[in-house]
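Participant:
Numbering (my numbering), first residue to last: 789 to 926.
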């Protein structure tokens, strides 16, 4: 039903229903809150897609590290390997086969959002896998 409401609103439907007007509307989510919700859902889906699936209560820092490595395949930042002739050059003159990765700042922000989402979903700060030292090192 809520999908119908959103679709009607987006399509400019003239349908009206008294019950919709009596429901309190929550304020729209901030960009940060929207990203945090999206990131949390993405991580949850990642855990469900593992074989065997991983329950959130069983999640540890190794699962988080695997998730970050998984995300690297979608990165746009070239990270030159030590053996690359362009290693250390900010603007290499030619392409190379070094991998693309997620930018450090993007990962840092992602981990911050997931760490907050974990706490908001009832996790304790002591067991938060996103706050583990291995994650900060990565």
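Cβ atoms here follow ideal geometry from the backbone N, Cα and C, with glycine treated the same way.
None of these values were measured; they are calculated from a predicted model.
(1) Given residue 917, which residues of its chain have a CB within under 8 Å of its CB, disregarding the five upstream and five downstream residues?
(2) Assuming contact is defined by CB atoms lying nearer than 9 Å, are residue 875 and residue 869 in contact in what I supplied?
(3) Considering residue 751, what are the terminal residues of the alpha helix (DSSP H) in which it resides?
(4) At 4 residues or longer, what runs of the alpha helix (DSSP H) sit wholly inside the segment 889-920?
(5) Kindly identify the DSSP beta-bridge partner or partners of residue 836.
(6) With a Cβ-Cβ cutoff of 9 Å, do residue 859 and residue 895 count as a contact?
(7) Exposed or buried, what is residue 817 when buried is set at 16 or more other beta-carbons lying within 10 Å of its beta-carbon?
(8) Beta-carbon within less than 7 Å of residue 823's beta-carbon, same chain only, minus the 5 sequence neighbours each way: which residues are those?
(9) Who are the Cβ neighbours of residue 856 in its own chain at under 7 Å, not counting the five residues just before and after it?
(10) In whole angstroms, what is the alpha-carbon distance linking residue 873 and residue 854?
Facilitator: According to the structure data:
(1) Only 847, 848, 849, 851, 852, 906 and 923 meet the Cβ criterion.
(2) Result yes, Cβ atoms of residue 875 and residue 869 sit closer than 9 Å.
(3) Residue 751 lies beyond the stretch modelled for the chain, which goes from 789 to 926, so this question has no answer here.
(4) The alpha helix (DSSP H) runs of length 4 or more contained entirely in the segment 889-920 are, from start to end of the chain, 892-908.
(5) Secondary-structure assignment with DSSP links residue 836 through no beta bridge to anything.
(6) For residue 859 and residue 895, yes; Cβs fall inside 9 Å.
(7) Residue 817 is exposed by the Cβ-count criterion.
(8) Excluding sequence neighbours, residue 823 sits near 901.
(9) Non-local C-beta neighbours of residue 856 in its own chain, meaning closer than 7 Å and more than five positions away in sequence, comprise 895 and 926, ordered along the chain.
(10) Taken atom to atom, the span from the alpha-carbon of residue 873 to that of residue 854 is near 29 Å.
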